[in-house]
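For the numbering used here, add 44 to where a residue sits in the sequence shown, where the first one is 1.
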Amino acid sequence: MRNILFLVIALIVIVISGCTSELTDKELDPSEQGVQEGHIVDISETRILVVSDITREQAFQITQEQLLSNGVGKMAVWYSVEDISTYEIGQLVRVKSEYMLESYPAQSEAIKVQVVEQP
Numbered sequence: 045m046r047n048i049l050f051l052v053i054a055l056i057v058i059v060i061s062g063c064t065s066e067l068t069d070k071e072l073d074p075s076e077q078g079v080q081e082g083h084i085v086d087i088s089e090t091r092i093l094v095v096s097d098i099t100r101e102q103a104f105q106i107t108q109e110q111l112l113s114n115g116v117g118k119m120a121v122w123y124s125v126e127d128i129s130t131y132e133i134g135q136l137v138r139v140k141s142e143y144m145l146e147s148y149p150a151q152s153e154a155i156k157v158q159v160v161e162q163p
């Protein structure tokens, strides 16, 4: 009787854990708070400039001055990153951060950057 009860409980736990829709450690959800999806439009010494709601073509064409004067894109953020050599202008990325300094473009430190699409 105890073996059957243990087996039933183990099966329930397995089924419940298999039905969860949590993201794996490697995936970032752009609808989650603190996660931005956008294209890299500029790279400086320690930062990447990510702009949401622009095309890959716009990422290659837009300058920071145009961004500031035209308000192109939904959200623009300079993220401090550890190694800029892994990033290229035009890449579609998802960036997770905890805080945002209010300026335009905003400024933040990237906790995690996931490259979604290469240019």
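Ideal Cβ positions, reconstructed from N, Cα and C, are used throughout, including at glycine.
> Quick one, are the C-beta atoms of P149 and V125 less than 8 Å apart?
Replying inline: The answer is no: Cβ separation not under 8 Å.
> Which partner residues does Q80 have in the DSSP bridge list?
Replying inline: Beta-bridge annotation (DSSP): Q80 is paired with V139.
> Cα separation between S75 and R100?
Replying inline: Rounded to whole angstroms, S75 to R100 spans 20 Å at the Cα level.
>> Less than 6 Å between C-beta atoms, sequence neighbours within five positions excluded: which residues of the same chain meet that for I48?
In response: If we look at I48 and ignore the five residues flanking it on each side, it has no Cβ neighbours.
>> Which runs of the alpha helix (DSSP H) at least 4 residues long sit entirely within the region 94–152? Give them in chain order.
In response: With a minimum length of 4 residues, the continuous alpha helix (DSSP H) runs that stay inside the region 94–152 are 100–105, 108–114.
> Cβ of V95 within 8 Å of Cβ of G117?
Replying inline: Cβ distance < 8 Å, so V95 and G117 count as in contact.
>> Helix, strand or coil for I53? Go by DSSP, reduced to three states.
In response: Assignment of I53 by DSSP, reduced to helix, strand and coil, places it in the helix class.
> Grouping DSSP H, G and I as helix and E and B as strand, with all else coil, what is I92?
Replying inline: It is a strand residue.
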